[in-house]
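Protein chains in written order, with full-length UniProt numbering: chain Y, 1 to 495; chain L, 1 to 495.
There are 2 protein chains.
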Amino acid sequence: MTIDEAPARRSAITGLARRLRTALGPDAVIDDHQRLRTYECDGLAHYKVTPALVVLPADATGVVTTVRACAEAGVPFVARGSGTGLSGGALPHADGVLIVTSRLRRIVEIDPANQRAVVEPGVINLDITRAAGADGYYYAPDPSSQQICSIGGNLAENSGGAHCLKYGFTTNHVTGAEFVAPDGEVVRLGGKAPDATGYDLLGAIVGSEGTLGVVTEVTVRLVRLPEAVRTLLAGFPGTDDAGAATSAVIGAGVVPAAMEMMDALAIEAAEAAVRCGYPAGAGAVLIVELDGPAAEVDAQFAEVERHCRAHGAFEIRIAADDAERASFWRGRKSAFAAVGRISPDYIVQDGVIPRTVLAEVLHRIAELSRDTGIRVANVFHAGDGNLHPLVLFDDSVPGEAERAEEVSGAILDLCIEHGGSITGEHGVGSDKAKFMPRMFTEADLDTMQLLRCAFDPDGLANPGKVFPTPRLCGEVPGRHKGAHPLQDAGIAEVF
Amino acid sequence: MTIDEAPARRSAITGLARRLRTALGPDAVIDDHQRLRTYECDGLAHYKVTPALVVLPADATGVVTTVRACAEAGVPFVARGSGTGLSGGALPHADGVLIVTSRLRRIVEIDPANQRAVVEPGVINLDITRAAGADGYYYAPDPSSQQICSIGGNLAENSGGAHCLKYGFTTNHVTGAEFVAPDGEVVRLGGKAPDATGYDLLGAIVGSEGTLGVVTEVTVRLVRLPEAVRTLLAGFPGTDDAGAATSAVIGAGVVPAAMEMMDALAIEAAEAAVRCGYPAGAGAVLIVELDGPAAEVDAQFAEVERHCRAHGAFEIRIAADDAERASFWRGRKSAFAAVGRISPDYIVQDGVIPRTVLAEVLHRIAELSRDTGIRVANVFHAGDGNLHPLVLFDDSVPGEAERAEEVSGAILDLCIEHGGSITGEHGVGSDKAKFMPRMFTEADLDTMQLLRCAFDPDGLANPGKVFPTPRLCGEVPGRHKGAHPLQDAGIAEVF
């Protein structure tokens, strides 16, 4: 932003605040600087931007009113659910409006006969499961943050979770949405049917990280609660063995509900934090959960156990009851936070590789770690090759943060090099836009831009996210000034 | 087309023919009128248009050359696989090029470790299964035409099949594609990973019926061959009972691989054609197939049998071996053709309703039939509410074809009225474009058009399909003349 533009932008925001306060009520609009700072980041806490205005609409109409007002004023907007995202997808825009959906928490309908729930975007992921439980159903995708993350945020980021190995990602569970395009037009996409007629725009909206518009209602699939759940914890000498066991299980045609791996450093952190009591001396553990009809689970369980033993598991425990099952998961679920016990700072990375190169990539990560002196703990969804390396560092040691960020980036390069992807379930957001050209050609990115510009020619919906460089959409010459939007938005990077 | 434009169009085609013959070889280009007529329709045989030119590229480069040449000449193009589609999606354009993919039949890679196959678009659906079988895998979506239909056509129409109840449609099995946009640019969408980074453009391409471009390579998921398959044939007094049994089975959380229903008239036709020996006196039969681990199949089988008995099944047969299993399926698979034994002409309809209103909608169809004197046989995917009413008529009786078409349209209205859709798996194509406004609002259709125009501003990719009225994409004023493109293309409707 140049100095000359600042007064015009401020005046646009002042006008918007007045207009939206009248339309939505005084409580729905925040423009006090101290209160605005509450919203300066999402789960990717090292990027911080204070928004110009925060709006908390009480219903879908309020969202439409806000988007229309932004469109008319030419002011950018960013949608935010619970703010738990790990890629900075909900990072505010310094000259824009942050539309917070946390008041849109109505469960519109639980329809067990058609196995669907219709909810507002601010509804918490786990609350859908709670509402459907009485009828014997649940909502399958389970990000680690499922107790606090919103379904709208899940849709925007196409969130995954431990049980997505068997059940699929958010995109496999959203069958319909009411959607507000950046010009304020309201569109219905899909519905309760498994697959809609016409272009699958719903599929393109899921995972678009708020760059195409805002959803105001979501229809999701409900899954029948399984008859039986069995959970196994296996200790291995190292990640090679655990990786080979993973490949063997999947190769045998067994698809566990979840198949999670932790390496020695991650186990150490978890033990320090929650005393999970994993097999002593394990270089890696696997948590394998099977669910389904009891007869199926029993048959598959024997097969999983056999493959674990054949690939060097020296201790296998089977959860006798829900309490023991929870104790297996406690170490895994606490792992991200637990590394705080063994390192003052860390980066949560998210990359994907084919299962078949698991051992090789883990070796290369270990080499990187040795060469740089930066420790890396690995906790991840082994079954679908979705790595979550935790890159540990101490920000008080000069230069260590930069080295950690280099290691983190080099891990993504390893993923790409091995035929994988720069994100499995956390999204591109603010954090990984710069990595997109390593994975996609110019023609690929231009083609994505076709969709962006079709929906959002003025670049108002979550600008600066996903794409590495701002591109002009033909019709709006001079709209973007060519500066990197993150710089333009005045981001304070901690690193 | 006005008289004045005809010479210009003819000259454009002549130039294209010359250019493509030089580039692709003489055998790859057909412009002889008699030979062109071979391609005048697809599986929807009552719409016929002779294309101006047919091109049969030998490889992906040939497809790119053809699309680029069309773009430069401003000539429309239509892609065609095996021509088995039932909605006229591959109906040629009278002034356009038909790009036939039948020479692109290379299976590039079978990758069992990652459970993927990479194939050219002309590869026959069943040939993927044949190629993967040695490794214990198969390709799950199984249209009735799977012995002859191509994977490119399956992708374009997002084809279904009897076993898509459990395994999902084509869109759930395509993870990557190489795609030629209407301007000739080649883009890679997705890959072998379960879910790609960036916008899900691949999802939008699947089911876009050739209106966004042409695929030249497809990566599909391979599914492990099941350990056990069990098939049950149940005779019911009528469709109400069979429908209630269907709802009960699904409601109990059992998802059979397939769950198919035939009514009395469909059974009569099948008996006349293939003597399938279904239970005598049945007003409806259900074929239920379970697959998976043997232990699971056995447990679920008992449950299915129980629900069938509870809802009035008077005879239940269990296939003792593959031969008996094939005999159960013979009646179902022959049903479409079999109605030729009991009626000189028929329309195959394709609509979707929530399972929960199955009985009601079948009653309403029966009423329609009674009121109009037009017989309707029902053969369908009961498990996912995908109806295939066969509307019978005699074209030699004046007015009967029109009445049949009215009944067929009224059935779609019933589907929409009950919260369903105008197509489950056959696509919109030429046949159902006129029904789109009954299902979608103006804003919904405009939003789909955003995508169309982003990819194909000149309207060259399969024009006249899917959308009810041609719309101008801002930048190309006067391109379409405002006439309905089907009329414009000189369609001869049999009805």
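Note that beta-carbon positions come from the ideal geometry of N, C-alpha and C, so glycine has one too.
So, is the C-beta of L:Gly-161 closer than 9 Å to a C-beta in chain Y? No, because no Cβ of chain Y sits closer than 9 Å to the Cβ of L:Gly-161.
Are the segment 95-110 of chain Y and the segment 124-135 of chain Y in contact at 8 Å, needing three or more beta carbon pairs? Taking one beta carbon from each stretch, the segment 95-110 of chain Y and the segment 124-135 of chain Y have 3 or more pairs nearer than 8 Å; the two touch.
Rounded to whole angstroms, how far is the Cβ of Y:Leu-20 from the Cβ of Y:Thr-66, which I believe are closer than 8 Å? About 6 Å separates the two Cβ atoms, so the contact holds.
Are there 16 or more other CB atoms within 10 angstroms of the CB of L:Lys-481, so buried, or fewer, so exposed? Residue placement at L:Lys-481 is poorly supported in this model, since its pLDDT is 29, which falls under 50; the coordinates still yield a value, given next. Under this definition L:Lys-481 is an exposed residue.
Tell me, please, whether the CB atom of Y:Ser-144 is closer than 9 Å to any CB atom in chain L? Closer than 9 Å: no.
Measure the C-alpha to C-alpha separation of L:Asp-31 and L:Gly-122 and round it to an integer number of angstroms. Rounded to the nearest angstrom, the two C-alpha atoms are 21 Å apart.
N- and C-terminal bounds of the beta strand (DSSP E) containing L:Ile-110: Boundaries of the beta strand (DSSP E) harbouring L:Ile-110: 107-111, taken from the DSSP string.
Cα separation between L:Val-494 and L:Val-63? Residue confidence is low: L:Val-494 scores 30 on pLDDT, short of 50, so the model does not pin down where it sits. No coordinate-derived value is stated.
For a test of the three-state rule: what should DSSP assign to L:Ala-8, helix, strand or coil? Residue state for L:Ala-8 is assigned as helix, using DSSP reduced to three classes.
Span separating the alpha-carbon of Y:Asp-298 from that of L:Ala-228: C-alpha of Y:Asp-298 to C-alpha of L:Ala-228: approximately 16 Å in a straight line.
Less than 9 Å between CB atoms is the rule here; does Y:Lys-166 satisfy it with respect to chain L? Closer than 9 Å: no.
What in chain Y is Cβ-close to residue 511 of chain L, meaning under 9 Å? Here chain L comprises residues numbered 1 to 495, so residue 511 of chain L is not present and cannot be evaluated.
Proximal residues, the segment 170-193 of chain L versus chain Y, C-beta separation under 9 Å: Within the segment 170-193 of chain L, the residues whose Cβ lies closer than 9 Å to some Cβ of chain Y are Thr-171, Asn-172, Phe-179, Ala-181, Glu-185, Val-186, Val-187, Arg-188, Leu-189, Gly-191, Lys-192 and Ala-193, listed in chain order.
So, is the C-beta of Y:Arg-224 closer than 9 Å to a C-beta in chain L? Cβ-Cβ to chain L under 9 Å: yes for Y:Arg-224.
The segment 267-296 of chain Y: which residues have C-beta closer than 9 Å to a C-beta of chain L, in chain order? Correct list: Gly-292, Pro-293, Ala-294, Ala-295 and Glu-296.
Taking only three categories from DSSP, how would you classify L:Pro-389? The answer is strand: DSSP assigns L:Pro-389 an E or B state.
Anything in chain L within Cβ reach of Y:Thr-423, meaning under 7 Å, just list it in chain order. Contacts between Y:Thr-423 and chain L, judged by CB atoms closer than 7 Å, involve Thr-197 in chain order.
Measuring only the C-alpha atoms, how far is Y:Asp-291 from L:Phe-455? It is roughly 43 Å from the alpha-carbon of Y:Asp-291 to the alpha-carbon of L:Phe-455.
Does the segment 346-359 of chain L come close enough to the segment 424-434 of chain L to have 3 or more Cβ pairs within less than 8 Å? By the criterion of at least three beta-carbon pairs nearer than 8 Å, the segment 346-359 of chain L is in contact with the segment 424-434 of chain L.
Under 9 Å between C-beta atoms, does L:Cys-453 make it to chain Y? Yes, contact with chain Y.
Listed by chain order, chain Y residues near L:Leu-86 by CB distance under 7 Å: Ordered by position in chain Y, no residue passes the 7 Å Cβ test against L:Leu-86, which lies about 14 Å from the chain.
Consider the Cβ of Y:Thr-447: report whether some Cβ of chain L lies at a distance smaller than 9 Å. The beta carbon of Y:Thr-447 falls within 9 Å of a beta carbon belonging to chain L, placing the residue at that interface.
Contact under 9 Å by Cβ, Y:Pro-437 with Y:Pro-468: Annotated as proximal: Y:Pro-437 and Y:Pro-468, with beta-carbon spacing under 9 Å.
Nearest chain Y C-beta to L:Leu-201 closer than 9 Å, yes or no? True, the Cβ-Cβ gap to chain Y drops below 9 Å.
Whole-angstrom distance between L:Ile-250 and L:Ala-234, CA atom to CA atom: Near 16 Å, if we compare the C-alpha coordinates of L:Ile-250 and L:Ala-234.
In the DSSP assignment, find the beta strand (DSSP E) that holds L:Glu-209 and state where it starts and stops. Taken as a continuous stretch (DSSP letters only), L:Glu-209 belongs to no beta strand (DSSP E), as it is neither H nor E.
Can you give the Cα-Cα distance for Y:Ala-45 and Y:Gly-207, rounded to whole angstroms? Near 21 Å, if we compare the C-alpha coordinates of Y:Gly-207 and Y:Ala-45.
Whose CA, out of L:Pro-463, L:Glu-185, L:Asp-458 and L:Met-439, lies closest to the CA of L:Gln-473? Rather than Gln, the amino acid found at residue 473 of chain L in this sequence is Cys. Closest option to L:Cys-473, Cα to Cα, is L:Asp-458.
Name, going along the chain, the residues of the segment 324-355 of chain L whose beta-carbon falls closer than 8 Å to a beta-carbon of chain Y. Residues of the segment 324-355 of chain L with a C-beta atom less than 8 Å from some C-beta of chain Y are Val-352, Pro-354 and Arg-355, listed in chain order.
Would you mind giving the Cβ-Cβ distance between Y:Ala-196 and Y:His-173, rounded to the nearest angstrom? I have them listed as a contact below 8 Å. The Cβ separation is near 15 Å, so there is no contact.
DSSP on L:Lys-166, reduced to helix/strand/coil? DSSP places L:Lys-166 in helix when its eight states are reduced to three.
Grouping DSSP H, G and I as helix and E and B as strand, with all else coil, what is L:Arg-325? In the structure shown, L:Arg-325 sits in a helix (DSSP, three-state: H, G or I).
Contact between the segment 141-155 of chain L and the segment 210-228 of chain L (3+ Cβ pairs under 8 Å): Counting Cβ pairs under 8 Å, three or more are found: they touch.
DSSP three-state call for L:Glu-185: helix, strand or coil? The answer is coil: DSSP assigns L:Glu-185 none of H, G, I, E or B.
Residues of chain Y with a CB under 7 Å from the CB of L:Gln-300: which are they? Residues of chain Y with a Cβ closer than 7 Å to the Cβ of L:Gln-300 are, in chain order, Pro-293.
Does L:Ala-113 get closer than 9 Å to chain Y when you measure Cβ to Cβ? Yes, L:Ala-113 lies at the interface with chain Y (some Cβ there is under 9 Å from its Cβ).
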